[in-house]
Amino acid sequence: MFSCQKRWREHIKLAENMNCRFKFQRALRKYGFHCWKHVVLESDIISKEAANAAEHKWITQFNSVKDGYNMNYGGAGGRMSDDVLIRVSKKLRGKSKSHEHRQKMQEAAKRYWAQAPSSRRQQLIEKNKSDEGRKTASEAQKRRWQDPAQKEAMSKRHKGKVLSDETRKKISESLKKRYQRAQEH
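Counting the sequence shown from 1 gives a position; the numbering used here is that position plus 2.
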């Protein structure tokens, strides 16, 4: 069973770390830990899936990504809003990670996938390999580019990025191959 007290302690622990820059943790440091009122919006939730659905519902209903302290819409980690993604992108733009940092990230990813349930790992691999999976991903991407708001958000995320000559060459070669394949069919 999920414990509200446990979740509150997690928030406080994060807030005590001065490097934590999440909106809610910054507010906890600014206003103090004892000035917050806890209200239980739903009880008797017995599964994680139900908790995720309830979290998403309440965050959406109160619009607390824009007008509150949530950074995403919740539910199993949720998805950050486009506004947050753009702000993070601007903050990180131009900052490169050291070789040591990239190595640590690579090792962490390897550990994660080594510990991930093999059924989940295999499911993702098979989905991406199958014609149906590739077709589904392609159609989803085409739909995203047809939505003007989504197109604008994706465009904003990539504005100002400087690509290395090597990256530009790889993109060029990839597009040439794609064009050649289209001409053959």
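Beta carbons: idealized from backbone N, C-alpha and C, even for Gly.
I need the straight-line Cα distance from residue i to residue j, nearest angstrom please.
| i | j | result |
| --- | --- | --- |
| residue 90 | residue 71 | 16 Å |
| residue 136 | residue 186 | 20 Å |
| residue 15 | residue 32 | 15 Å |
| residue 64 | residue 155 | 23 Å |
| residue 174 | residue 167 | 10 Å |
| residue 170 | residue 157 | 17 Å |
| residue 160 | residue 53 | 35 Å |
| residue 95 | residue 163 | 7 Å |
| residue 101 | residue 92 | 22 Å |
| residue 8 | residue 109 | 30 Å |
| residue 85 | residue 147 | 18 Å |
Between the options, which lies nearest to residue i when the distance is taken from Cα to Cα?
| i | options | result |
| --- | --- | --- |
| residue 26 | 93, 74, 138, 43 | 74 |
| residue 57 | 76, 48, 163, 22 | 76 |
| residue 36 | 11, 172, 45, 110 | 11 |
| residue 165 | 98, 132, 141 | 98 |
Below 6 Å CB to CB, which residues in the same chain sit around residue i once its five sequence neighbours on both sides are set aside?
| i | result |
| --- | --- |
| residue 43 | 60 |
| residue 129 | 135 |
Who are the near neighbours of residue i in its chain, counting only those whose CB is closer than 7 Å to its CB and skipping five residues on each side?
| i | result |
| --- | --- |
| residue 116 | none |
| residue 192 | Nothing about residue 192 can be read from this structure; the chain reaches only from 3 to 187. |
| residue 182 | none |
Identify the continuous alpha helix (DSSP H) that holds residue i and give its terminal residues.
| i | result |
| --- | --- |
| residue 115 | 101–117 |
| residue 20 | Looking at the DSSP string, residue 20 is not in any alpha helix (DSSP H), and its letter there is neither H nor E. |
| residue 186 | 167–186 |
Looking only at its chain, what residues have a beta carbon closer than 8 Å to the beta carbon of residue i, apart from the 5 residues adjacent to it on each side?
| i | result |
| --- | --- |
| residue 6 | 40, 42 |
| residue 114 | none |
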